[in-house]
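If you're matching positions, the sequence shown starts at 17 in the numbering used here and goes up one per residue. Just so you know, even glycine gets a beta-carbon here, dropped at the ideal spot from N, CA and C. The structure displayed is predicted, hence computed values, not measured ones. Presented below is the structure to which this report refers.
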Amino acid sequence: MKFVDIKFLLSVHKLAQLPEPTLPEIAFAGRSNVGKSSLINALVGRKGLVKVSGRPGKTQGLNYFEINNQLYLVDLPGYGFARVSKGMQDGWQSLITRYLESRSTLTCVVVIIDLRHEAKPQDRQLISWLQQNDIPYLPVYTKADKLSGNARFKNAAALDAGHTIDPRERILFSAKNGLGKEELERALASFAKIG
Ligand SMILES: Nc1nc2c(ncn2[C@@H]2O[C@H](COP(=O)(O)OP(=O)(O)OP(=O)(O)O)[C@@H](O)[C@H]2O)c(=O)[nH]1
Ligand SMILES: [Mg+2]
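Following this line, the structure appears as structure tokens:
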């Protein structure tokens with residue numbers, strides 16, 4: 017499935033604002049500045065759709081996008097950003113946790129990890145938590161364009177080992193050159209059970 021017909025729906029700051037759970041949805045999680053919003057833009061082929069920034073903490077609230085009247089994509093605020101106040105971090109954390117635990121139509125959480133970095137405890141925590149809660153997830157290693165072939169391979173293997181991820185179940189991605197885009201489209205359509 018091509019993610020072509022896309023529109024911004026709303027930004028959710030409390031659970032009561034969530035849209036009716038009528039469509040399957042996929043959420044995008046990861047550390048601040050890892051490239052969640054860029055990945056969504058690349059996926060839908062619309063550079064400016066989701067706001068992207070070199071400064072971490074750009075995305076606030078749960079941003080809903082509707083695709084082909086078939087699916088919701090949900091861009092989540094990043095975690096692990098020290099400059100956002102503790103109270104605000106806790107607030108987001110609690111909103112995101114309650115959302116992930118309770119959303120009946122959530123079919124997959126895409127866990128986005130920077131391919132250049134070593135396995136980080138916060139990503140490990142998120143993955144363990146998703147496993148414990150039986151929430152399906154898909155690891156995506158992004159910013160692959162920033163590494164050469166050999167380093168790409170080595171870093172991906174180190175992340176697989178650090179997070180106990182089966183290499184057949186994760187995707188190498190680049191928002192910059194489109195690497196992994198078709199694989200991601202196929203995987204997401206399959207999670208959401210749409211053609
Ligand atoms: N080279 C390269 N840069 C990328 C890629 N993905 C994201 N970036 C850059 O990384 C920075 C952060 O990207 P965002 O998409 O805003 O990251 P985010 O995870 O949404 O950040 P928050 O909303 O702050 O949590 C921007 O400067 C992007 O241009 C990629 O695949 N390759
Ligand atoms: Mg963002």
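- Within a 10 Å sphere around the beta-carbon of K159 sit 16 or more other beta-carbons, which makes this residue buried.
- Listed as beta-bridge partners of N193 by DSSP are no residues whatsoever.
- Per the coordinates, the alpha-carbon of L195 lies some 29 Å from the alpha-carbon of D150.
- A distance criterion of 6 Å places the beta-carbon of G94 in contact range of ligand 1, judged by its closest non-hydrogen atom.
- Taking a contact to require three or more Cβ pairs closer than 8 Å, the stretch 131-142 and the stretch 31-49 qualify as touching.
- Burial check for R186: the Cβ neighbour count within 10 Å reaches 16 or more, so the residue is buried.
- Between the beta-carbon of I22 and that of V60 there is about 5 Å, and that keeps the pair under the 8 Å contact cut.
- For V60, no beta strand (DSSP E) encloses it; the enclosing alpha helix (DSSP H) starts and ends at K52 to V60.
- DSSP lists V127 as the bridge partner or partners of P155.
- As the crow flies, the alpha-carbon of R184 is around 19 Å from that of T123.
- Taking C-beta atoms as the reference points, V156 and F207 fail to come closer than 7 Å.
- Per the C-alpha coordinates, the member of E82, P93 and L31 positioned closest to Q76 is P93.
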